[in-house]
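Trainee: Supplied in structure tokens, the structure appears directly below.
2 protein chains.
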Amino acid sequence: MKAVSGKRSQDIVEDQIDRGDYNPSSATFRLANSPFYLMAHADFKYHEDMDKVLHKHGVSKPIYRVMTVLRERQPASIGAIAEAALTKRSTISRIIDRMLEQGLVTAEPNAEDNRITEVTLTPAGEQRLRKLTPIVGRQFMRAMDGISNRDIAHLLRTLQKISANLSKLPIE
Amino acid sequence: MKAVSGKRSQDIVEDQIDRGDYNPSSATFRLANSPFYLMAHADFKYHEDMDKVLHKHGVSKPIYRVMTVLRERQPASIGAIAEAALTKRSTISRIIDRMLEQGLVTAEPNAEDNRITEVTLTPAGEQRLRKLTPIVGRQFMRAMDGISNRDIAHLLRTLQKISANLSKLPIE
DNA sequence: CTAAGTCATGTGTAATTGCACATAATAGTG
DNA sequence: CACTATTATGTGCAATTACACATGACTTAG
């Protein structure tokens, strides 16, 4: 590897030990070279344009996210949706309320466990989602322009590793 | 590259053309294989634990982000901070109010252009930031455990490309 | 089988955020 | 030099969010 943070590569015994400029506690750290800042930046830009378009179709970003979660697993409980959508349960509870008003989902108590609310997309919800899909697809293609599928696969592997690391026990 | 979405690799003329499973509009798309979902997920987990620790030091996530922006460029205007911190100007304006109350920053009108508010970290703000830095550093090391610096460099390049793509003209 | 414990969800409340607009300051135009 | 356009920021207001707690439902120990 190349030298980082002024140290010569010989000084670095293993590739993993010294994170040099990448580490936010380094004196030479810069946001432009920070993985997490860049993730937030990319994610922000990705949604920035898209949200405006989605709003024209009466769908907010959190509602869209819930719909994509439901597309994969139906029915799903409030708690399961919250976890997958990276949002607090109480918030999801209210988002589902709004989706009910719009007729995008149904919410029924689970037959075996009455505490659980089972949320399912209605045909109208499915249709709305199908309508939005190509818009999101175009935005995705735009984001990935000039990036090889090999690089995308590499990106996925790294992100998955990071997520796995962070799902272990917390800091202190 | 390997086949994606059921197509054989021979069918794919260029590596960039068909995004297969990666594209949110694909029938075989899964959130677990979606770059943007994984970015959001990693970013969420990264901040989830950290925020709790930061709060014990009286610093919220948005305040911490503003501080890291100021560390790199001081003084900075409200607008410049907003852009770098991926937050609306009016929101930053109010966050700066809170930081002023805590004595973390000063805000002075620019001498040449009276519209501009120049925000600067106070010594107390600098000190607070220095105190938090090792905490964030540990979280970073935890996140990157088992990932080589080469992979991090690769991740950075890809994320930078994506950000650059999305900074061009919007969708429709 | 009953009581304590755990779990899933919903709700009151306060804080945060963004939008739309207002205000103040500068730049540009004829 | 006056007048319009643009720019930077701040504020009223509505919507969204999270936290803390309450409620109802299931589970388990004894």
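So the protein lines, in turn, are chains V and Y.
Going by my numbering, the first residue of the first sequence is number 73, and it counts up by one from there.
Going by my numbering, the first residue of the second sequence is number 73, and it counts up by one from there.
Beta carbons are placed, not taken as given, at the ideal position from N, Cα and C, and that holds for glycine.
So does Y:Ala215 have its beta carbon nearer than 7 Å to some heavy atom of the ligand GTP?
Mentor: In the structure shown, the ligand GTP is absent, as is every other ligand, since no ligand is present at all.
Trainee: Cα-Cα, which of Y:Asp121, Y:Phe101, Y:Tyr136 and Y:Ala215 is closest to Y:Arg202?
Mentor: Comparing Cα positions, the closest option is Y:Tyr136.
Trainee: Which one or two residues does DSSP pair with V:Leu176 in a beta bridge?
Mentor: According to DSSP, which records beta bridges pairwise, V:Leu176 is partnered with nothing at all.
Trainee: The beta strand (DSSP E) spanning Y:Leu103 covers which residue range?
Mentor: From DSSP, Y:Leu103 is part of no beta strand (DSSP E); its letter is neither H nor E.
Trainee: Does DSSP put Y:Val131 in a helix, in a strand, or in coil?
Mentor: Here Y:Val131 sits in coil by DSSP.
Trainee: Mark Y:Gly218 as exposed unless 16 or more other C-beta atoms lie within 10 angstroms of its C-beta, in which case mark it buried.
Mentor: Result: exposed.
Trainee: What separation, rounded to the nearest whole angstrom, lies between the Cα atoms of Y:His226 and Y:Ser162?
Mentor: Their backbone Cα atoms lie some 35 Å apart in a straight line.
Trainee: Just to confirm, is the Cβ distance from Y:Thr189 to Y:Gly175 under 8 Å?
Mentor: No. Outside cutoff.
Trainee: Do you know offhand how far Y:Asn182's Cα is from Y:Ile150's?
Mentor: Near 12 Å, if we compare the C-alpha coordinates of Y:Ile150 and Y:Asn182.
Trainee: Assign Y:Asn221 to buried or exposed, taking buried as 16 or more other Cβ atoms, counted over all protein chains shown, within 10 Å of its Cβ.
Mentor: It counts as buried.
Trainee: To the nearest angstrom, report how far apart V:Val138 and V:Tyr109 are at their CA atoms.
Mentor: C-alpha separation (whole angstroms): 25 Å.
Trainee: Would you say Y:Tyr118 reaches chain V, if we count a Cβ-Cβ gap shorter than 8 Å as a contact?
Mentor: At least one chain V Cβ lies under 8 Å of Y:Tyr118.
Trainee: Apply the 10 Å Cβ neighbour rule to Y:Ser235 and answer buried if 16 or more other Cβ atoms are within range, or exposed otherwise.
Mentor: Buried, since its Cβ has 16 or more Cβ neighbours within 10 Å.
Trainee: Give the straight-line distance between the Cα atoms of V:Tyr94 and V:Arg200, rounded to the nearest whole angstrom.
Mentor: Looking at the two C-alpha atoms, the distance is approximately 42 Å.
Trainee: Given that a residue counts as buried once 16 or more other Cβ atoms are within 10 Å of its Cβ, and exposed if not, what is V:Gln211?
Mentor: Counting Cβ neighbours within 10 Å, V:Gln211 comes out buried, since at least 16 surround it.
Trainee: Determine the burial state of V:Ile100: buried for a count of at least 16 other Cβ atoms within 10 Å of its Cβ, exposed for fewer.
Mentor: Inspection of the sequence shows that residue 100 of chain V is occupied by Thr rather than by Ile. Looking at its Cβ environment, which holds fewer than 16 other Cβ atoms inside 10 Å, V:Thr100 is exposed.
Trainee: Terminal residues of the continuous beta strand (DSSP E) containing V:Thr192?
Mentor: Here the beta strand (DSSP E) through V:Thr192 covers Thr189 to Leu193.
Trainee: Which residues in chain V sit within 8 Å of Y:Met213, going by Cβ to Cβ distance?
Mentor: Those are Arg91 and Asn95, listed as they occur along chain V.
Trainee: Quick one: what's Y:Pro181 bridged to in DSSP?
Mentor: Y:Pro181 is bridged to Y:Thr189.
Trainee: Here's the rule: buried if 16 or more other CB atoms are within 10 angstroms of the residue's CB, otherwise exposed. What is V:Pro107?
Mentor: So V:Pro107 ends up on the buried side.
Trainee: Just the chain V side, please: which residues come within less than 9 Å of Y:Ile224 by C-beta, in chain order?
Mentor: Ordered by position in chain V, the residues that pass the 9 Å Cβ test against Y:Ile224 are Arg91, Tyr94, Pro107 and Thr230.
Trainee: Assuming V:Arg102 contacts Y:Glu144 (C-beta within less than 8 Å), just tell me the rounded distance between them.
Mentor: So it is a contact: roughly 6 Å between Cβ atoms.
Trainee: Distance cutoff 8 Å, beta carbons only. Does Y:Thr140 sit that close to anything in chain V?
Mentor: Judged by the 8 Å Cβ criterion, Y:Thr140 is in contact with chain V.
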